[in-house]
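J.:
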Amino acid sequence: MVVDDDLRKPIRSHHDIEKDNCQYMKKAIKFYEGLAKRVSDNGHIVDLYACALDQVGLHEMKYCANFTGGHMVLGDSFNSSLFRSTFQRVFARDEKNNLEMAFNATLEVKTSRELKIAGALGPCVSAHEKGPNVAEMEIGIGNTTKWKLCGLIPNTTMSIFFEVANQQGSDVPGGRGHVQFITRYQHSSGQTRIRVTTVARNWADAQTGQHSIALGFDQEAAAVLMARLAVHRSETDQDGTDVLRWVDRMLIRLCQKFGDFSPNDPNSYRFQDNFTMYPQFMFHLRRSQFLQVFNNSPDETSFYRCMLNRESVSECLTMIQPVLYSYSFNGLEAVMLDTSSIQPDRILLLDTFFLVLIFLGETMTAWRKQGYQDQEEYASFKELLQVPVDDAQDIIANRFPIPRYVETEQGGSQARFLLSKVNPSQTHNNAMYGGSAIPDPNSTVFILFVFW
Numbered sequence: 001m002v003v004d005d006d007l008r009k010p011i012r013s014h015h016d017i018e019k020d021n022c023q024y025m026k027k028a029i030k031f032y033e034g035l036a037k038r039v040s041d042n043g044h045i046v047d048l049y050a051c052a053l054d055q056v057g058l059h060e061m062k063y064c065a066n067f068t069g070g071h072m073v074l075g076d077s078f079n080s081s082l083f084r085s086t087f088q089r090v091f092a093r094d095e096k097n098n099l100e101m102a103f104n105a106t107l108e109v110k111t112s113r114e115l116k117i118a119g120a121l122g123p124c125v126s127a128h129e130k131g132p133n134v135a136e137m138e139i140g141i142g143n144t145t146k147w148k149l150c151g152l153i154p155n156t157t158m159s160i161f162f163e164v165a166n167q168q169g170s171d172v173p174g175g176r177g178h179v180q181f182i183t184r185y186q187h188s189s190g191q192t193r194i195r196v197t198t199v200a201r202n203w204a205d206a207q208t209g210q211h212s213i214a215l216g217f218d219q220e221a222a223a224v225l226m227a228r229l230a231v232h233r234s235e236t237d238q239d240g241t242d243v244l245r246w247v248d249r250m251l252i253r254l255c256q257k258f259g260d261f262s263p264n265d266p267n268s269y270r271f272q273d274n275f276t277m278y279p280q281f282m283f284h285l286r287r288s289q290f291l292q293v294f295n296n297s298p299d300e301t302s303f304y305r306c307m308l309n310r311e312s313v314s315e316c317l318t319m320i321q322p323v324l325y326s327y328s329f330n331g332l333e334a335v336m337l338d339t340s341s342i343q344p345d346r347i348l349l350l351d352t353f354f355l356v357l358i359f360l361g362e363t364m365t366a367w368r369k370q371g372y373q374d375q376e377e378y379a380s381f382k383e384l385l386q387v388p389v390d391d392a393q394d395i396i397a398n399r400f401p402i403p404r405y406v407e408t409e410q411g412g413s414q415a416r417f418l419l420s421k422v423n424p425s426q427t428h429n430n431a432m433y434g435g436s437a438i439p440d441p442n443s444t445v446f447i448l449f450v451f452w
């Protein structure tokens, strides 16, 4: 039970959760968490399909999908074409006519003696297999070297966290640390398959080998790991403000360790090329629906976080920092997620993973309303209008669940979806209208804000 039978009492909101004013939530979560553990122990998968104009209790039931690797789909109506298309895609088949899914999988991690396994984040449960390489520090689902994933799809991605056990003994010249991932699963054809991946990496001294460490930094993978860690902290009853502060502290530590700067000179700050996008990812993570719950219901927040915790790195990055493309007579280009990218002579394509939106600038809208695309001498304009539509359909065709598709224009009611995602560097108060400009977070300004 997640809500009272009395219709005068609404279902819980984020404000109610924050104030601990939820009569049924804790008991319901405990019930569904226990049910999810029983289901996962038996190797079953639970899919959650919730379609309603109000909340249905997905927040309480989330463990059923999170622990078993099942699908979680949130929509408005079971009769909508969006839901029907999404449901059909669950049963997609490969070129050999096998379902694109796997069952009863386990992921086992083995390491060399210098490394300890701290834990994992993803659609899994612990297999309760301990060993000498289990770290005392627990991150996510820890205290084990093996995890069970009842269901797998091609995009399923796990996050594994490690701890260096012997800081002094691991920096032997020429020495390497080894990690082995052993994945066992039942293919949809009925075959049992094993995939083994072994990775070896050179050790570097934490004090003198910073350059070598920096060269191996993957800012995209790091951003997704930080996002999942931040969500995990939010889910484990940590205050939202504390999580934001933690994200800021971790960014500051990274800047101090790997940035180049002169004391008391903010303009001197420099990052290596493979670090430059990371502060931008953190800026958008702080503003995202994963950490900012305003204007979202608990059910919606649980859905967004569930998808972040299981999708591939590229898809997770799209969730954290949406992609914005500009179409004009000068061609296609990727543009900054900023209000300055909204121009009258442009068509914009926004991809947030959950939403694909086409936005026509003021001039483009006026030309379309005047019917220029129907005149032979303006065939190039007709083609320009069609290109982003085709690209949007390509994005939708390769995504699960199928994102919402919106076409809008300058001044349209649904333009709010675009305006809510872009950085408001241009407003009625800035230099564009006679005021002062807002700093651009896509440069080092955001770093300087949290660093100094």
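Using full-length UniProt numbering, the first residue of the sequence shown is number 1, and each one after it goes up by one.
Every residue gets a Cβ at the ideal spot worked out from N, C-alpha and C, and that includes glycine.
Everything numeric in this text was worked out from a predicted model, so none of it was measured.
Inspect the beta-carbon positions of Leu308 and Arg228 and report whether they are closer than 8 Å.
T.: Looking up residue 308 in the sequence shown gives position 308. Looking up residue 228 in the sequence shown gives position 228. Contact flag set, yes.
J.: Starting from Tyr49, follow its DSSP beta bridges and name the residues at the other end.
T.: Counting from 1 along the sequence shown, the entry for residue 49 is found at position 49. Per DSSP, Val73.
J.: Leaving out five residues on either side along the sequence, give the residues of the same chain with a beta carbon under 7 Å from the beta carbon of Glu60.
T.: Along the sequence shown, one-based indexing puts residue 60 at 60. Val2, Met25, Ala28, Ile29 and Tyr32.
J.: Quick check: the Cα distance between Tyr304 and Gln180, rounded to an integer number of angstroms?
T.: Walking along the sequence shown from the start, residue 304 turns up at place 304. Walking along the sequence shown from the start, residue 180 turns up at place 180. Between Tyr304 and Gln180, the C-alpha separation is close to 31 Å.
J.: Assuming the contact rule is C-beta atoms closer than 8 Å, Leu58 and Leu74 should be a hit. Round their C-beta distance to whole Å, please.
T.: The residue you call residue 58 lines up with position 58 of the sequence shown. The residue you call residue 74 lines up with position 74 of the sequence shown. Sure, about 7 Å apart at Cβ, within 8 Å.
J.: So, helix, strand or coil for Phe261, using DSSP?
T.: Taking the first residue of the sequence shown as position 1, residue 261 is located at position 261. It is a strand residue.
J.: Mind pulling the beta strand (DSSP E) runs of 3 or more residues that sit fully within the UniProt domain "Sec23/Sec24 beta-sandwich" (102-204)?
T.: Counting only runs of 3 or more, we get 102-111, 115-121, 146-152, 159-164, 176-187 and 192-202.
J.: I'd like to confirm the pairing. Which residues does DSSP put opposite Leu99 in its beta bridges?
T.: On the sequence shown, position 99 is the one that residue 99 refers to. Arg93.
J.: Enumerate in chain order the residues of its own chain whose CB-to-CB distance from Thr68 is below 7 Å, with the five nearest sequence positions on each side excluded.
T.: As a position in the sequence shown, residue 68 is number 68, starting the count at 1. Cβ within range, chain order: Ala36, Val39, Ser40, His44, Ile45, Val46, Cys150 and Gly151.
J.: For the beta strand (DSSP E) that contains Val323, what are its first and last residues?
T.: By 1-based counting over the sequence shown, the position of residue 323 is 323. That run of the beta strand (DSSP E) goes Val323 to Ser328.
J.: One question on the structure: do Ile320 and Ala223 come within less than 8 Å of each other, judged by their Cβ atoms?
T.: Within the sequence shown, residue 320 is the residue found at index 320, counting from 1. Within the sequence shown, residue 223 is the residue found at index 223, counting from 1. Yes, these two residues count as a Cβ contact at 8 Å.
J.: Just how far apart, CA to CA, sit Gly70 and Phe329?
T.: Indexing the sequence shown from 1 puts residue 70 at position 70. Indexing the sequence shown from 1 puts residue 329 at position 329. In a straight line, the C-alpha of Gly70 is about 44 Å away from that of Phe329.
J.: Within 8 Å, do at least three Cβ pairs link the stretch 118-134 to the stretch 204-217?
T.: As far as the Cβ criterion goes, the stretch 204-217 does not touch the stretch 118-134, which means the pair count is below three.
J.: Please identify the residue among Leu357, Arg12, Ile213 and Leu332 whose C-alpha is closest to the C-alpha of Arg201.
T.: Stepping through the sequence shown from its first residue, residue 201 is reached at position 201. The residue with the shortest Cα to Cα distance from Arg201 is Ile213.
J.: Can you check DSSP and say which residues form a bridge with Tyr378?
T.: Counting from one through the sequence shown, the residue named residue 378 turns up at place 378. The partner list for Tyr378 (beta bridge, DSSP) is empty, contrary to what the question assumes.
J.: Restricting to Cα atoms, I'd like to know which of Met282, Asp345, Tyr378 and Arg399 is closest to Glu409.
T.: Translated into the one-based positions of the sequence shown, residue 409 becomes position 409. The option with the nearest alpha carbon to Glu409 is Asp345.
J.: According to the Cβ coordinates, are Pro123 and Thr86 closer than 8 Å?
T.: Against the sequence shown, residue 123 aligns to sequence position 123. Against the sequence shown, residue 86 aligns to sequence position 86. Contact: no.
J.: On a CA-only basis, which of Lys382, Asn267 and Phe359 is nearest Gln414? Give me that one, please.
T.: Against the sequence shown, residue 414 aligns to sequence position 414. Out of Lys382, Asn267 and Phe359, Phe359 has the C-alpha closest to the C-alpha of Gln414.
J.: Can the beta-carbon of residue 455 be found closer than 8 Å to that of Phe283?
T.: As displayed, the chain neither begins before 1 nor continues past 452, which places residue 455 out of reach and without an answer.
J.: Use the C-beta contact count for Ser77: other C-beta atoms within 10 angstroms, 16 or more gives buried, fewer gives exposed.
T.: As a working note, residue 77 is residue 77 in the sequence shown. Burial call: exposed.
J.: I need the straight-line Cα distance from Ala120 to Ala127, nearest angstrom please.
T.: Here residue 120 is taken as the residue at index 120 of the sequence shown, counted from 1. Here residue 127 is taken as the residue at index 127 of the sequence shown, counted from 1. The straight-line gap from Cα to Cα measures roughly 12 Å.
J.: Taking C-alpha atoms, which residue in Asp273, Val125, Ser288 and Ile117 lies nearest to Gly240?
T.: For the purposes of this step, residue 240 is taken as the residue at position 240 of the sequence shown. Minimum Cα distance to Gly240 is reached at Ser288.
J.: Under a Cβ-count criterion, where at least 16 other Cβ atoms within 10 Å of its own Cβ denotes burial, should Thr197 be classed as buried or exposed?
T.: Here residue 197 refers to the residue found at position 197 of the sequence shown. Exposed.
J.: Pull up the distance between the alpha-carbon of Asn42 and that of Ser297, whole angstroms please.
T.: Locating residue 42 in the sequence shown gives position 42, counting from the first residue. Locating residue 297 in the sequence shown gives position 297, counting from the first residue. Approximately 32 Å between the Cα atoms of the pair.
J.: Measuring straight from C-alpha to C-alpha, what distance separates Tyr372 and Tyr378?
T.: The count along the sequence shown starts at 1 and reaches residue 372 at position 372. The count along the sequence shown starts at 1 and reaches residue 378 at position 378. Whole-angstrom Cα-Cα distance: 6 Å.
J.: May I ask you to report which of helix, strand or coil DSSP gives Ala334?
T.: Here the question's residue 334 lines up with position 334 in the sequence shown. Correct three-state label for Ala334: strand.
J.: When the Cα of Asp394 is compared with those of Gln210, Phe353, Glu333 and Cys51, which residue comes out closest?
T.: The residue labelled residue 394 in the question sits at position 394 within the sequence shown. It is Phe353.
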